[in-house]
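Participant: By our numbering, the letter at position 140 of the sequence shown is numbered 140, and the numbering carries on one by one without gaps. Beta carbons are placed, not taken as given, at the ideal position from N, Cα and C, and that holds for glycine. Every value quoted in this text rests on a predicted model; they were computed, and no experiment measured them.
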Amino acid sequence: MSTINPNISGIYDEEYRDTIATVDANGKRVWLHPKKPKGNLHNKRIWATFIFLLIFFSVPFIKINGQPLLMMNIFDRKFVIFGQAFFPQDFVLFGIGMITFFVFVILFTVVYGRFWCGWACPQTVFLEMIFRKIEYWIEGDARQQHKLDSSPWTADKIRKKTLKHFIYILFSVIIAHFTMAYIIGIEQTIKIVSISPKEHLSGFIGILVFTGLFYFVFTRLREQVCIAICPYGRLQGVLVGRNTMGIMYDFIRGEPRGKINKMPENSHSENKHGDCIDCALCVQVCPTGIDIRNGTQLECINCTACIDACDEVMDKIHKPKGLIKYASVESVEKQVPFKMSPRAYAYSVVLLLLIGVEAFLVLSRSKVETTIMRVPGQLYQVQKNGLISNLYNVQFVNKTSEPIDLTLKVQNNIGAIRLQGSQIHLPMQGRADAVFFLDIPKNKVTEMKTPIKIEVYNKTELVETVKTNFLGPIQ
Ligand code: SF4
Ligand code: SF4
């Protein structure tokens with residue numbers, strides 16, 4: 001998508017796209033020190049951060065019917081969403097759920113661009129609203145940070161840097177523990193914390209690795225995650241279009257830019273300047289170091305800092321706010337309000353259909369998943385009493401939040417099941433295996449492979465009917 005501002009001379013060649021703000025001509029990292037953001041939208045982002053942190057730190061403690069609200073246990077292949085456990089056997093549900101999720105992401109991005117990145121992405125929230133704020137608090141605004149970084153190591157510099165990194169490690173430890181809680185559950189995480197590392201070495205190492213990872217991401221990688229690593233960021237190039245909402249510089253209104261003292265006195269003169277006074281504040285506050293006046297760029301994480309900075313300038317020079325604003329390329333070019341594109345409507349229809357299918361599958365999901373397989377390598381046995389027997393392995397998965405006892409019956413009572421071992425007891429959201437013989441009178445076995453149905457009962461409630469085959473001699 002080309003979103004070049006045609007009113008800005010010298011950028012038709014898009015030279016600014018040949019370099020990134022965080023790498024110098026020698027290929028070395030340029031450390032960004034964005035100016036402290038402030039303003040109306042930033043205040044709103046502070047509130048959004050409170051809500052995000054409240055959700056992030058409280059979800060692992062919330063239970064529904066004794067189950068976590070959200071748990072993604074990739075080690076035990078157990079996933080709990082809204083208190084509902086999902087197992088590998090639910091792969092159809094999972095597959096449709098993933099497609100629905102991706103369509104939602106596509107739809108959202110087609111319409112709202114990187115809105116998520118600026119307001120709710122954990123990377124942005126933690127980096128810009130916590131780690132960066134700690135930096136401002138200890139080292140001061142951008143200018144003081146630059147000065148401190150280039151100054152020799154004095155006692156004051158050592159004190160500031162030590163304090164900053166100590167707090168960074170502390171926050172990394174906290175985030176790591178909660179990340180673990182989302183994976184293995186809050187009880188297990190508390191257990192790991194309360195016992196000696198030797199007693200739960202893998203859990204201890206897991207927390208250590210997460211802590212190191214978060215510390216590295218928020219102190220060294222920083223904006224590089226959004227600029228170069230995050231796959232969602234990379235997707236922007238194919239998802240955003242001329243009608244996508246984003247942070248836009250209104251070049252029709254802003255150009256030709258010019259310093260305020262070079263403006264003609266009569267602002268109604270034919271050669272009047274645009275509203276941009278080229279103060280570069282929008283560039284100085286940008287946490288990814290870009291100049292939004294060049295047009296939309298992949299590096300923009302929609303943090304709104306440039307909007308606030310420019311609005312403050314507009315206030316001071318008595319011009320209307322919104323020279324930089326939420327808008328689409330189309331709406332800026334045509335100077336019309338932002339509206340949804342036909343592509344967005346089409347995606348919405350697909351999304352609604354997928355949500356409907358997913359909801360139906362979740363609501364009609366059986367409480368128990370039963371897999372019955374004939375024991376490999378076994379044919380059939382002819383009993384002295386004239387019965388034909390087949391041996392089966394059966395595996396049960398209990399998807400409910402209560403332990404249950406199951407019994408098996410053959411549909412229409414054409415045969416009898418002889419369970420080997422004690423009754424079938426399933427712990428809540430647990431698995432159980434069993435072995436059974438199925439005996440069918442010889443006169444009812446009419447084919448070499450007779451299709452039969454086994455009914456699974458929880459007390460008197462029929463919870464599932466499973467199809468299998470019964471082998472017997474050809475009559
Ligand atoms: S902050 Fe506004 S006025 Fe200043 S350079 Fe940026 S767009 Fe122009
Ligand atoms: S261009 Fe503006 S909205 Fe985009 S990252 Fe920079 S400051 Fe944030």
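Would you please state the rounded distance, in angstroms, between the beta carbons of valine 238 and valine 225? I believe it to be under 8 Å.
Facilitator: Not really, about 20 Å apart at Cβ, beyond 8 Å.
Participant: State the Cα-Cα distance for the pair lysine 459 and leucine 426, rounded to the nearest angstrom.
Facilitator: So the alpha carbons of these two residues sit roughly 13 Å apart.
Participant: Could you tell me the boundaries of the beta strand (DSSP E) in which tyrosine 392 lies?
Facilitator: Segment 387-398, the beta strand (DSSP E) holding tyrosine 392.
Participant: Since glycine 295 is in the beta strand (DSSP E), which residue starts that stretch and which ends it?
Facilitator: Glycine 295 -> no beta strand (DSSP E), and no H or E assigned at all.
Participant: Measure from the alpha carbon of glycine 83 to the alpha carbon of each residue in His146, Tyr182, Glu128 and Phe178, then state which is nearest.
Facilitator: Here the closest residue by C-alpha is Tyr182.
Participant: In whole angstroms, give me the CA-to-CA distance for tyrosine 16 and glycine 274.
Facilitator: In a straight line, the C-alpha of tyrosine 16 is about 22 Å away from that of glycine 274.
Participant: If you draw a straight line from the C-alpha of methionine 71 to the C-alpha of lysine 384, how long is it?
Facilitator: Approximately 53 Å between the Cα atoms of the pair.
Participant: So is glutamine 429 buried or exposed if we call it buried at 16+ other beta carbons inside 10 Å?
Facilitator: Counting Cβ neighbours within 10 Å, glutamine 429 comes out buried, since at least 16 surround it.
Participant: For tyrosine 326, does the three-state DSSP call read helix, strand or coil?
Facilitator: The answer is strand: DSSP assigns tyrosine 326 an E or B state.
Participant: For serine 328 versus arginine 242, is the C-beta spacing smaller than 8 Å?
Facilitator: Yes, these two residues count as a Cβ contact at 8 Å.
Participant: Could you check whether the stretch 36-52 touches the stretch 155-175, counting it as contact only if at least three pairs of C-beta atoms, one from each stretch, sit closer than 8 Å?
Facilitator: Not touching, per the Cβ criterion.
Participant: So if DSSP puts glutamine 67 in a beta bridge, which residue, or which two residues, is it bridged to?
Facilitator: Paired residue(s): Ile64.
Participant: Along the chain, where does the alpha helix (DSSP H) containing alanine 432 start, and where does it finish?
Facilitator: Run containing alanine 432: none in the alpha helix (DSSP H); it sits in the beta strand (DSSP E), 431-441.
Participant: Checking 8 Å against the spacing of the C-beta atoms, do methionine 245 and phenylalanine 210 come in under that value?
Facilitator: No, the pair does not count as a contact, with Cβ atoms beyond the cut-off.
Participant: Between tyrosine 345 and valine 240, what straight-line distance do the alpha-carbon atoms span, to the nearest angstrom?
Facilitator: Approximately 15 Å, taken between the alpha carbons.
Participant: Would you say isoleucine 414 and lysine 444 are within 8 Å of each other, going by their C-beta atoms?
Facilitator: Going by C-beta atoms, isoleucine 414 is nearer than 8 Å to lysine 444.
Participant: Tell me, please, which residues DSSP counts as bridged to tryptophan 177.
Facilitator: Note that residue 177 corresponds to histidine in the displayed sequence, not to tryptophan. Looking at the DSSP assignment, histidine 177 forms no beta bridge with any residue, so it has no partner.
Participant: Given a cut-off of 8 Å on the beta-carbon distance, is the pair glycine 129 and threonine 219 in contact?
Facilitator: Residue identity differs from the one stated: residue 129 is methionine in this sequence, not glycine. In this structure, threonine 219 does not lie closer than 8 Å to methionine 129 by Cβ.
Participant: Would you grab the beta carbon distance between leucine 354 and valine 193 for me? Rounded to a whole angstrom, and I think it's under 8 Å.
Facilitator: Incorrect: roughly 40 Å between the Cβ atoms, too far for contact.
Participant: For ligand 3, is there any heavy atom lying closer than 7 Å to the beta carbon of threonine 288?
Facilitator: Within the structure as shown, ligand 3 is missing, the only ligands being ligand 1 and ligand 2.
Participant: Within the continuous beta strand (DSSP E) that includes tyrosine 249, where are the two ends?
Facilitator: First-last of the beta strand (DSSP E) with tyrosine 249: 246-249.
Participant: Quick one: measure Cβ to Cβ for asparagine 469 and proline 451, integer angstroms, because I've assumed they're closer than 8 Å.
Facilitator: Their Cβ separation, rounded to whole angstroms, is 6 Å, which keeps asparagine 469 and proline 451 in contact under 8 Å.
Participant: Measuring only from the beta carbon, is valine 336 closer than 7 Å to any heavy atom that is part of ligand 1?
Facilitator: The answer is no for valine 336.
Participant: Please report the straight-line C-alpha distance between glycine 377 and proline 88, rounded to a whole angstrom.
Facilitator: Taking the straight line joining both Cα atoms gives about 26 Å.
Participant: Thinking C-alpha only, which one of Asn26, Glu135, His33 and Ala25 is nearest valine 283?
Facilitator: Minimum Cα distance to valine 283 is reached at His33.
Participant: Between valine 313 and ligand 1, is there a pair consisting of the residue's CB and a ligand heavy atom that are separated by less than 7 Å?
Facilitator: Checking the Cβ of valine 313 against ligand 1 gives yes.
Participant: Measuring straight from C-alpha to C-alpha, what distance separates leucine 323 and threonine 22?
Facilitator: The straight-line gap from Cα to Cα measures roughly 26 Å.
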